[in-house]
Amino acid sequence: MTTPPSGLRERKKQATREALREAALRLAVERGPDQVRVEDIAAAAGVSPRTYNNYFASREQAIVSAVTADREARIAAVVAARPAGVRLADAVTEAVVAQYMNTGERAHKALLLITTQTALRDAFLDTTAGIEPPLTAVIAERLGDAGARTARVLAASVAAAVRIALEGWLRPPGNAEATEDFAAGGLVVPSGSLPDQLRTALAPLAPAFDAAEQRTQP
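This is the structure we're talking about:
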């Protein structure tokens, strides 16, 4: 059997991942997340449950992926594309804000589901960890950091700040009862401006970015 070229394999993988995302979201909207099994998503996408498990560890991951698809790589790509003269802290902040606000109809449907269940919210928040690896590479290149230690610390800090901003955005303000509802998986209405929450959470990192850039200057 002839092995397909690597480019073709990657396109097939991407197509399969996209089919699983679409199927997971569609079934979750139609039936409710609790009524969707991994086997249902796999069948709707035309693959086996074993193939499904090569892409997602749970149904929640697949549903959430409909709103977070490839966002981490896009954030890194936007930062990499900014001119060298642009302050790194500003480049990172604006890239994060732009990508978290770049949502379409599919993303809005997914977000509505995410606000109804603890498992979906947790899966959504967990995706922020994916920001670190691609952003580390971009920051390391920008700083000329061969060991990537500083770049990794900065990228990990960005991921943590984004998670904190999203938690604040999703967590209902007000009394203890509202907080208990959040923990129990009750309906949550996102509060405040997400761009403002992201910028506020990322602002304390600016001095660290500035210091790292200054060390690279002749």
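Counting from 368, one number per residue, gives the positions in the sequence shown under our numbering. Glycine is no exception: its CB is placed at the ideal position from the N, C-alpha and C atoms.
Does the distance from the CB of ILE408 to the CB of ALA429 come in under 8 Å?
For the purposes of this step, residue 408 is identified with residue 41 of the sequence shown, where counting begins at 1. For the purposes of this step, residue 429 is identified with residue 62 of the sequence shown, where counting begins at 1. Their beta carbons are under 8 Å apart, which means ILE408 touches ALA429 by this criterion.
Need the endpoints of the alpha helix (DSSP H) that LEU487 sits in, please.
The residue labelled residue 487 in the question sits at position 120 within the sequence shown. Where LEU487 is concerned, the enclosing alpha helix (DSSP H) stretches over 485-493.
Residue range of the alpha helix (DSSP H) that SER425 falls in?
On the sequence shown, residue 425 is found 58 positions in, with the first residue counted as 1. It is not in any alpha helix (DSSP H) - SER425 carries neither H nor E in the DSSP assignment.
Once DSSP output is grouped into helix, strand and coil, what is the label at VAL414?
Here residue 414 refers to the residue found at position 47 of the sequence shown. Looking at VAL414 - three-state DSSP - the assignment turns out to be coil, as it is neither helix nor strand.
In the structure shown, what three-state DSSP assignment does ASP512 receive?
Stepping through the sequence shown from its first residue, residue 512 is reached at position 145. Correct three-state label for ASP512: coil.
Between which two residues does the alpha helix (DSSP H) harbouring VAL463 extend?
As a working note, residue 463 is residue 96 in the sequence shown. Note, VAL463: alpha helix (DSSP H), 455-468.
Comparing C-alpha positions only, which one of MET468, ALA386 and ALA447 sits nearest to TYR419?
Taking the first residue of the sequence shown as 1, we reach residue 419 at position 52. The residue with the shortest Cα to Cα distance from TYR419 is ALA386.
When the Cβ atoms of the segment 532-539 are set against those of the segment 572-580, are three or more pairs found closer than 8 Å?
With the cut-off at 8 Å, the segment 532-539 and the segment 572-580 do not touch.
CA-CA distance, ALA526 and ALA444?
Against the sequence shown, residue 526 aligns to sequence position 159. Against the sequence shown, residue 444 aligns to sequence position 77. Computed Cα separation, rounded: 16 Å.
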